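Take the UniProt record's numbering: the last position of the sequence shown gets the number 183, and nothing is skipped along the way.
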Amino acid sequence: MHDISRHVKKYKVLENIAKIDHLTGVANRCTLEKAIIKNWQECIVDKQPLSFILIDIDFFKLFNDNFGHVKGDKCLQKVAQTIEDCLPSKDSLVARYGGEEFAVVLPRSHVSNAEMIAKRIQEKILNINFRDIGLPANVKISVSQGLACEYNNQYRTSEALICAADTALYRAKSEGRNKLCIR
């Protein structure tokens, strides 16, 4: 008889590699895309809200230029963990969207609830401490956020929901950063 336990263990490792961003430990873009499609379908069928937040670290290039890419990577890890800690339930998802951008999927979350979560994320990120990675206590970062919520067929597709959050994010950045804009 053939022992498959080693194969099962290797499969689980490979499955994890395929779903998780290797640097930050949160979901990767592929996992995000699958989650948004699944949650979109459920939201339409069950007539439940679906909120989506895009988060961009303000002036992250300056952080990397001033402190180096190794510390920049540690910053990304801290931000990812902070966002994950703010999620209200296990069916919510944070994913690395790209570079210094993150996305949050909040199933069954009306815009008012999503706004509270986004504000909590903003506050917690403003209070991240970087002394444990060798930076001065006065080093702080902020984020700009764009939020959109599907409810009662406001958007035609999940892609339109993402585009709305992206538009709101760019508005937050153009209005001075360290803000949340809702579309």
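In this text, a Cβ means the ideal position worked out from N, Cα and C, and glycines have one as well. Keep in mind it's a predicted model, so treat the numbers as computed, not measured.
- Distance from the CA atom of E100 to the CA atom of D3, rounded to whole angstroms, is 43 Å.
- Selection L50, H7, A27, K34 evaluated against N153 yields L50 as nearest (Cα-Cα).
- A Cβ-Cβ separation of about 20 Å leaves L76 out of contact with D166 under the 8 Å criterion.
- Between Q145 and the set S89, R120, N129, K9, the nearest pair of CA atoms involves R120.
- Counting along the chain, D56 sits inside no alpha helix (DSSP H); it lies in the beta strand (DSSP E) bounded by residues 50-57.
- Distance from the CA atom of S92 to the CA atom of D56, rounded to whole angstroms, is 19 Å.
- A160 is positioned such that its CB atom lies no closer than 8 Å to that of L147.
- With fewer than 16 other CB atoms across the displayed protein chains lying within 10 angstroms of its CB, A137 is exposed.
- Per DSSP, reduced to three states, the secondary structure at Y11 is helical.
- R6 sits exposed, since fewer than 16 C-beta atoms from the chains shown fall within 10 Å of its C-beta.
- Between A103 and the set L87, K9, N129, the nearest pair of CA atoms involves L87.
- Inclusion of A114 and T31 in the CB contact set at 8 Å is not warranted, their separation being larger than that value.
- The Cβ atoms of K38 and N28 do not sit closer than 8 Å to each other.
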